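Let me begin by presenting the structure, written as structure tokens, before commenting on it.
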Amino acid sequence: MEKKILVQSITHLNHNVVHLVTQKPSGYTYTPGQATELSLARPNWKAEKRPFTFTSLPDSEALEFVIKSYPDHKGVTEQVPSIEPGDELLIEDAWGAIEYKGPGVFIAGGAGATPFIAIFRDLAQKGEIKGNKFLFANKKERDIFYKDHFENWLDKDFITILSEEKTEAHAHGRIDRDFLASHVTNLDQYFYVCGPPEMTDNIIELLAQMGVEKSKIITEDMD
Ligand SMILES: Cc1cc2nc3c(=O)[nH]c(=O)nc-3n(C[C@H](O)[C@H](O)[C@H](O)COP(=O)(O)OP(=O)(O)OC[C@H]3O[C@@H](n4cnc5c(N)ncnc54)[C@H](O)[C@@H]3O)c2cc1C
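The UniProt record's numbering numbers the first residue of the sequence shown as 1 and each following residue consecutively.
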């Protein structure tokens, strides 16, 4: 059911990612990793609903979102950086396929990291994050968002790779079989994969070739 919420704050996390804090409708529920269809209650934009993931925890008094903007799409995310406190948003019920099932390897490209934020936050709060690893792929160093949080939660089990930049601090290239093999020894654990469809398809195929059972792969396309 559609609900109207007010934006409480907007923070720019990097050149194209913002963090939104909004009101939470009373009784609204979701699980870490889930998303909702969201639109801006501006003239001409109300009907333009797009999926975005809650980065807050279900028991939080506010809702939080981390949203990457794509100005070249000329769509909703181009509007997002101009959101101001007091603006109205419309959200639907929560939905989504990503859910924590047990320790494993989380693999994301760009905005694909968003469902993992609430999951890691939840695990860290419960003291159960040990045993999980996060491989985060981006184009350039400036694209990495939430780095401090991921490092705090996962320490050395937070691993970054950049496809369009060579640096000391990050691996270089795409997530391929060699990269996976160098970071994953146990194939009998969960693999959580989220990113652009081409990337998720490719990684799921690589994991299957390496011998990971289909039932151990939890995935969602960010399209
Ligand atoms: C379950 C789920 C959860 C998600 N959660 C998040 C989240 O928490 N944070 C986040 O940042 N993102 C998230 N996403 C991705 C997010 O939904 C998209 O980035 C968003 O829908 C893009 O909306 P848009 O209107 O800006 O552009 P789109 O709706 O993608 O595009 C608008 C138009 O632009 C054109 N277009 C499309 N692709 C391109 C391109 N590559 N180049 C040029 N033009 C193009 C097309 O004509 C399209 O109709 C999630 C996606 C899913 C499926």
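Glycine included, each C-beta is placed from N, C-alpha and C at the ideal position. Note that the structure is predicted; figures quoted are calculated from it, not measured.
- In this structure, Val-80 sits near Ser-69, with a CB-CB distance shorter than 7 Å.
- Between ligand 1 and Gly-75, a heavy atom-to-CB distance of less than 6 Å is present.
- Under the three-state reduction of DSSP, Thr-11 is assigned to strand.
- When DSSP reads this structure, Glu-64 sits in a beta bridge with Val-21.
- Taking C-beta separations shorter than 8 Å and ignoring five residues to either side along the sequence, the partners of Tyr-146 in its chain run Leu-13, Val-66, Ala-113 and Ile-117, following chain order.
- In terms of CA proximity to Trp-45, Leu-89 leads the group Gln-125, Glu-213, Leu-89 and Glu-164.
- Check the Cα spacing between Asp-155 and each of Lys-139, Glu-168 and Asn-132: the tightest is with Asn-132.
- In the structure shown, the three-state DSSP call for His-172 is strand.
- With a threshold of 6 Å, the Cβ atom of Asp-201 does not count as near ligand 1, since no heavy atom of the ligand is closer than that.
- With a 10 Å radius around the Cβ and a threshold of 16 neighbouring Cβ atoms, Ala-111 comes out buried.
- Setting aside the 5 residues that flank it on each side, His-183 is surrounded in the same chain by Val-105, Lys-133, Leu-135 and Ile-159, each with a C-beta closer than 8 Å to its C-beta; the list follows chain order.
- The C-alpha of Pro-43 lies about 16 Å from the C-alpha of Gly-86.
- For Ser-39, the pairing in a beta bridge is given by DSSP as Leu-90.
- Just measuring C-alpha positions, the residue of Asp-201, Lys-74, Ala-208 and Glu-48 sitting nearest Met-222 is Asp-201.
- As summarised for the segment 175 to 207, the continuous beta strand (DSSP E) elements at least 3 residues long and confined to that stretch are 190 to 195, given in chain order.
- Proximity to Asp-176 across Asp-157, Glu-198, Thr-219 and Pro-115 peaks at Glu-198, based on C-alpha coordinates.
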